[in-house]
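What follows is a short report on a single structure.
Numbering (the UniProt record's numbering), first residue to last: 1 to 241.
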């Protein structure tokens, strides 16, 4: 779990791709984004996506309970890994038709959420991992991976450009989402004036940086989940960048 933008989705996709290559260990790997910036999947949606991956037909007019029983029967004969991304609210695995994973059935469930509480309530308290922001060296490497060769060369050769680039980089705070979004936005900057304008915009008017509005929309959910007192503390801190 993390507050948002820390790379959970990327990590789950890496898990999915790696596990798909080791199909001898599991019969099926199922990767589901439970929610995104626009919609929240309901139980029926999740059941249908699982059924599609298992190759199990579900009847549209069946109740959620009947559909869950069908999936539970299918899962009993299947060694699976289920990846649930962006889980915003806890729900009962049994209600969906997902058996409790464990050593006895050799199945695994990985949940990614912006809420530690959601992970705990879904039974992940014994194996809970908090995603951390990147260390400076790794963060700089990610930021630079979005830049053109010319931009990287000019950062190395021009102290003024490097100073502006470092200011922009520091404003990302080691957050992978910010490093990629902002890095792509300044990827083609050609001279000190462009870098200076970008650094100024990032400090005073970040919404003018292409892609930042969408990034803020994704992070706003994490802010909205804070209680009122913490929201006020957060807003107070923003007065002293």
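Note that beta-carbon positions come from the ideal geometry of N, C-alpha and C, so glycine has one too.
Spatial neighbours of residue i in its chain, beta-carbon cut-off 6 Å, leaving aside the 5 residues before and after
i, result
"residue 188", "148"
"residue 101", "107, 108, 109"
"residue 174", "133, 134, 139"
"residue 155", "161, 162, 165"
"residue 143", "169, 179, 183"
"residue 113", "1, 87, 119"
Residue i vs residue j beta-carbon contact at 8 Å
i, j, result
"residue 202", "residue 181", "no"
"residue 46", "residue 34", "yes"
"residue 118", "residue 87", "yes"
"residue 131", "residue 1", "yes"
"residue 5", "residue 176", "yes"
"residue 32", "residue 93", "no"
"residue 8", "residue 85", "yes"
"residue 186", "residue 204", "no"
"residue 64", "residue 43", "yes"
"residue 75", "residue 99", "yes"
Where the alpha helix (DSSP H) through residue i begins and ends
i, result
"residue 16", "8 to 20"
"residue 46", "43 to 54"
"residue 194", "192 to 204"
"residue 66", "64 to 76"
"residue 120", "116 to 121"
"residue 90", "That residue, residue 90, is in no alpha helix (DSSP H); it is neither H nor E in DSSP."
"residue 5", "Unbroken run through residue 5: none, as it is neither H nor E."
Rounded straight-line distance, which links the Cα of residue j to that of residue i
i, j, result
"residue 150", "residue 200", "21 Å"
"residue 3", "residue 115", "7 Å"
"residue 50", "residue 129", "25 Å"
"residue 67", "residue 59", "8 Å"
"residue 41", "residue 96", "12 Å"
"residue 226", "residue 89", "14 Å"
"residue 79", "residue 105", "7 Å"
"residue 224", "residue 73", "39 Å"
"residue 124", "residue 69", "23 Å"
Segment limits, beta strand (DSSP E) that includes residue i
i, result
"residue 81", "80 to 85"
"residue 180", "That residue, residue 180, is in no beta strand (DSSP E); its alpha helix (DSSP H) goes 176 to 185."
"residue 29", "28 to 33"
"residue 109", "108 to 111"
Residues of its chain near residue i, where Cβ-Cβ distance is below 7 Å and the 5 sequence neighbours each way are ignored
i, result
"residue 15", "83, 110"
Cβ shell of residue i (< 8 Å), same chain only, five flanking positions each side left out
i, result
"residue 19", "25, 26, 29, 81"
"residue 152", "144"
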